[in-house]
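> Before anything else, here's the structure in question.
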Amino acid sequence: MKVAIASDHGGINIRKEIVALLEEMGIEYEDFGCECDSSVDYPDYAFPVAEKVANGEFDRGILICGTGIGMSIAANKVKGIRCALLHDTFSARATREHNDSNMMAMGERVIGPGLARDIAKIWLSTDFEGGRHENRVNKIKEYEK
Ligand code: RB5
-16 MKVAIASDHG
-6 GINIRKEIVA
4 LLEEMGIEYE
14 DFGCECDSSV
24 DYPDYAFPVA
34 EKVANGEFDR
44 GILICGTGIG
54 MSIAANKVKG
64 IRCALLHDTF
74 SARATREHND
84 SNMMAMGERV
94 IGPGLARDIA
104 KIWLSTDFEG
114 GRHENRVNKI
124 KEYEK
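Start counting the sequence shown at -16; every next residue gets the next number (our numbering).
Put into structure tokens, the structure is as follows:
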């Protein structure tokens, strides 16, 4: 699995935590910044990562901003992206099993680094269940066409 990760200025600390987790899990990844002292615009980071996942360059994408909301809204504008905004472990597991989400977003102003790490770990290691959920995801893919 290849993972693309990025954050704006509001998500740098959790991004570093998740990069350390990816290292520990032995997952290949590329960190797309930001390397920012001052404020940047989250769409400038969400769109490139989402496009790299949508075009198959990366299998999954992880985005972090202050709330996770702006990043998830932007990522979900890209065709083929199913980005889940996650702040709990139940949803992290469920969105992989049921929605086959290929991206996740979190907010550094919402949760701490420990929970963020647990959420990402579950999301990265849970498989899609398929079956009845596949029909539902296919309806989303059809709508996008
Ligand atoms: C930046 O201040 C903040 O708006 C951003 O990190 C994010 O929370 C947007 O949704």
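Every residue, glycine too, gets a C-beta built ideally from N, C-alpha and C.
Distance, Cα to Cα, residue 119 vs residue 105?
The alpha-carbon of residue 119 is positioned some 22 Å away from that of residue 105.
> Round the Cβ separation of residue 36 and residue -13 to the nearest angstrom and send it over; I've been treating them as touching at under 8 Å.
6 Å
> Can you look up residue 133 in the DSSP assignment and give me helix, strand or coil?
Only positions -16 to 128 of the chain appear in the structure, and residue 133 is not among them; the question remains open.
> I think residue 10 touches residue 107, with their Cβ atoms under 8 Å apart; what is that distance to the nearest whole Å?
7 Å
> What first and last residue would you give for the beta strand (DSSP E) that runs through residue -15?
-15 to -10
> Heavy atom of the ligand RB5 less than 7 Å from the Cβ of residue 19, yes or no?
no
> Among 34, 122, 54, which residue has its Cα nearest to the Cα of residue 82?
122
> Sorted by chain position, which residues of the same chain lie with C-beta nearer than 7 Å to residue 13's C-beta, five sequence neighbours on each side aside?
-13
> Among 7, 128, 44, 39, which one has its Cα closest to the Cα of residue 16?
Nearest of 7, 128, 44, 39 to residue 16, Cα basis: 44.
> Out of 109, 113, 92, state which residue places its alpha-carbon closest to the alpha-carbon of residue 48.
92
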